[in-house]
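K.L.:
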């Protein structure tokens, strides 16, 4: 294979990676999340290395270094990324679990619990609400409880699916 063919393939791969990051960020932003955050998640999903530094993320996701710091903080809170020490110990690298979506499902439980508690508190503290408002809050509470109960089943099915696939 000629050197120019390899260069063309490398350039094509870079364009495909850029396209993925762009498209992922559009989906992410359509859900009300910041565009830069979506570009970072998109980049990390296709990053070849297990853990990457902030500069590499900024370059690969085509966002500012400041956006990386802010976004990584929020993404850590959401359970999408974690920080690990670099081999030299002088900086921290960002890592994304290979099963980030299964991890997201596991971490969602705290959100469901807080929403359920919020609805229960409102039902208790606001006895004068209309029937319609009380029904909406009761459905909010019960939906969060139902979904939380179903999480174990979802996680079990996800693990079974991965085992069959692999």
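In our numbering, the protein residues as written are 296 to 461.
In this text, a Cβ means the ideal position worked out from N, Cα and C, and glycines have one as well.
(1) For residue 461, which of helix, strand or coil comes out of DSSP?
(2) Where do the N-terminal and C-terminal ends of the beta strand (DSSP E) with residue 392 fall, by residue?
(3) Does the beta-carbon of residue 458 have 16 or more other beta-carbons within 10 angstroms, so that it is buried, or is it exposed?
(4) May I ask you to verify whether the region 398-414 touches the region 442-452, counting CB pairs closer than 8 Å and requiring at least 3?
(5) Which two residues bound the contiguous beta strand (DSSP E) that contains residue 380?
(6) Below 7 Å CB to CB, which residues in the same chain sit around residue 331 once its five sequence neighbours on both sides are set aside?
(7) Output the boundary residues of the alpha helix (DSSP H) element that contains residue 328.
(8) For residue 396, count neighbouring Cβ atoms within 10 angstroms of its own Cβ and tell me buried if that reaches 16, exposed if not.
(9) According to DSSP, is residue 347 part of a helix, a strand, or is it coil?
(10) Once the 5 residues before and after residue 376 are set aside, which same chain residues still bring their CB inside 7 Å of it?
P.N.:
Considering the structure as presented:
(1) For the purposes of this step, residue 461 is taken as the residue at position 166 of the chain shown. Three-state result, residue 461: coil.
(2) Position 97 of the chain shown holds residue 392. Element bounds for residue 392: n/a, residue is neither H nor E.
(3) The sequence position of residue 458 within the chain shown is 163, counting from 1. When all chains shown are included, residue 458 counts as exposed.
(4) yes
(5) Here the question's residue 380 lines up with position 85 in the chain shown. 377-380 is the span of the beta strand (DSSP E), which, as asked, contains residue 380.
(6) The residue given as residue 331 occupies position 36 in the chain shown. 358, 362, 366, listed in sequence order.
(7) Counting from one through the chain shown, the residue named residue 328 turns up at place 33. Taken as a continuous stretch (DSSP letters only), residue 328 belongs to no alpha helix (DSSP H), as it is neither H nor E.
(8) One-based indexing of the chain shown puts residue 396 at position 101. Per the 10 Å Cβ criterion, exposed.
(9) Looking up residue 347 in the chain shown gives position 52. Strand.
(10) Counted from its first residue, the chain shown places residue 376 at position 81. These residues qualify, in order along the chain: 339, 367, 370, 389, 390, 391.
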